[in-house]
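A.B. asks:
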Amino acid sequence: MITAMLLLPDQLVLLLERLLEQKTLNPRTLRSLERTYRLSQQDAEVRHRWCELVVKHKYTTAYKTVERFLQEDQAMGIYLYGELMVSEDARQQQLARQCFQLTKEQMDRCSAQVVAEMLF
């Protein structure tokens, strides 16, 4: 665990990108990754990749992390809205719509328009 905590953000991004290539990851593996690397406490790049993993593998335990990312990192969240909608998972689509309703007034007009077109 000490070694894991010494990974630089760029190294974590690379690790998460490699994991995104995997067809399936079980919830236990995702939970272990989250705890070992403290992914929800990392910088925006790392958290973005983590959220992509959460969405891809429908890791519902970490949906709050996705919600927080969409609210706090609006500029980077646009792609994530698309991922949530493409998944065709009703719960993920509802999460995207809820987050957009909470943040659309704070988003710049162009970004809000792009997201609205994805969602509705």
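Residues -15 to -1, 1 to 105 in mature numbering (1 follows the signal peptide of the UniProt record, and there is no 0) are what the sequence shown spells out, letter by letter. Even for Gly, the Cβ is constructed at its ideal location relative to N, Cα and C.
1. From T9 to K43, what does the alpha carbon distance come to, in whole angstroms?
2. By how many angstroms is the C-alpha of L(-2) removed from the C-alpha of E52?
3. Thinking C-alpha only, which one of C84, K41, E6 and Y22 is nearest E57?
4. Please tell me whether Y66 and V31 are closer than 7 angstroms, where the distance is taken between their beta carbons.
5. Using 10 angstroms around the beta-carbon of A47, count the other beta-carbons present and answer buried if the total reaches 16, otherwise exposed.
6. Hey, would you say L(-4) sits closer than 7 angstroms to Y22, going by beta carbons?
7. Would you identify the three-state DSSP class for R23, choosing helix, strand or coil?
8. For residue 125, count the other beta carbons within 10 Å of its own beta carbon; 16 or more makes it buried, fewer makes it exposed. Which is it?
9. Around the Cβ of M(-15), are there at least 16 other Cβ atoms within 10 angstroms (buried) or fewer (exposed)?
10. Looking at the secondary structure, which residues open and close the alpha helix (DSSP H) in which Y44 lies?
11. For E2, which three-state DSSP category applies?
C.D. replies: Let me spell this out:
1. CA-CA distance, T9 to K43, rounds to 10 angstroms.
2. Their Cα atoms are separated by approximately 23 angstroms.
3. The option with the nearest alpha carbon to E57 is C84.
4. Cβ distance not < 7 angstroms, so Y66 and V31 don't count as in contact.
5. Under this definition A47 is a buried residue.
6. With contacts defined by Cβ atoms closer than 7 angstroms, L(-4) and Y22 form a contacting pair.
7. Three-state DSSP puts R23 in coil, outside helix and strand.
8. An answer regarding residue 125 cannot be provided, because it is not within the stretch -15 to 105 covered by the chain.
9. Residue placement at M(-15) is poorly supported in this model, since its pLDDT is 47, which falls under 50; the coordinates are not used for a value here.
10. Counting along the chain, Y44 falls outside any alpha helix (DSSP H), and DSSP gives it neither H nor E.
11. The answer is helix: DSSP assigns E2 an H, G or I state.
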